[in-house]
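In the working numbering, the protein residues as written are 70 to 201.
Glycine included, C-beta positions come from ideal geometry on N, C-alpha and C.
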Amino acid sequence: MQNVSKRTILWIVPIIIIVIFWYFYGPKDEITDNEYISYIKEIKYNETEETLASAFENYCEEGKWVYFQTQKNQHVVEFKGSCPQDNSSKEVNLQFIVENEQSGFQVGVLLMDSEQQSEEQRDTFLNNVITN
Numbered sequence: 070m071q072n073v074s075k076r077t078i079l080w081i082v083p084i085i086i087i088v089i090f091w092y093f094y095g096p097k098d099e100i101t102d103n104e105y106i107s108y109i110k111e112i113k114y115n116e117t118e119e120t121l122a123s124a125f126e127n128y129c130e131e132g133k134w135v136y137f138q139t140q141k142n143q144h145v146v147e148f149k150g151s152c153p154q155d156n157s158s159k160e161v162n163l164q165f166i167v168e169n170e171q172s173g174f175q176v177g178v179l180l181m182d183s184e185q186q187s188e189e190q191r192d193t194f195l196n197n198v199i200t201n
């Protein structure tokens with residue numbers, strides 16, 4: 070009878086450990102509304118009168134803003150949407166890295182159809198969004 074209880078414990082303990090790891094390190098829900106997203110959306114890029122939120126809304130379709138924090142504790146706001154590029158619609162992910170206390174930001178990586186673009190392509194795309 071004791072062997073059965075030891076065997077049971079040897080099954081339960083690993084399952085509990087897996088559940089705990091899943092809870093803390095598993096997939097997280099996307100954060101789509103917080104102060105960092107609001108900060109980026111309200112920025113007037115290149116001294117234009119239009120905010121980033123309205124520029125992306127006018128240029129792209131089905132867009133959404135997502136916040137996440139990296140392992141290095143960087144605050145990242147990412148625009149995800151379908152935007153016109155080269156006479157076709159492409160899935161776009163553009164990241165903005167927000168400095169602590171929202172004192173500034175840097176434009177991060179641009180992915181088009183899951184393919185990373187160069188800095189020049191990223192800047193050209195962002196200027197197209199702002200000017201159109």
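Can you give me the start and stop residues for the beta strand (DSSP E) that residue i sits inside?
| i | result |
| --- | --- |
| N162 | S157 to V167 |
Thinking just about the alpha-carbon of each residue, which of the options is nearest to the one in residue i?
| i | options | result |
| --- | --- | --- |
| S157 | I166, F137 and C129 | C129 |
| Q140 | Y94, S183 and V178 | Y94 |
| G177 | E188, E184, Q171 and E170 | E188 |
| L121 | Q154, L163 and K159 | L163 |
| E99 | F174, I81, E170 and Y136 | Y136 |
| L195 | Q154, K97, I85 and Y108 | Q154 |
| N103 | S74, Q138 and L179 | Q138 |
I need the boundaries of the alpha helix (DSSP H) containing residue i, first residue and last residue.
| i | result |
| --- | --- |
| V123 | Checking the sequence, you will find Ser at residue 123 rather than Val. L121 to Y128 is the span of the alpha helix (DSSP H), which, as asked, contains S123. |
For residue i, write down the residues that DSSP places opposite it in a beta bridge.
| i | result |
| --- | --- |
| F148 | W134 and L163 |
| I100 | Y136 |
What is the DSSP secondary structure of residue i, reduced to helix, strand or coil?
| i | result |
| --- | --- |
| Q190 | helix |
| Q171 | helix |
| I81 | helix |
| K113 | coil |
| M70 | Residue confidence is low: M70 scores 47 on pLDDT, short of 50, so the model does not pin down where it sits. Its coordinate-derived value is still stated next. M70: coil per DSSP, three-state reduction. |
I want to check one thing, is the minimum distance from the CB of residue i to the heavy atoms of the ligand ATP below 8 Å?
| i | result |
| --- | --- |
| F90 | As presented, the structure is devoid of all ligands, the ligand ATP included, so that no description of it is given. |
Round the Cβ separation of residue i and residue j to the nearest angstrom and send it over; I've been treating them as touching at under 8 Å.
| i | j | result |
| --- | --- | --- |
| I106 | V146 | 5 Å |
| K159 | M181 | 5 Å |
| N115 | I166 | Not really, about 18 Å apart at Cβ, beyond 8 Å. |
| Q175 | Y108 | That pair is no contact at about 13 Å. |
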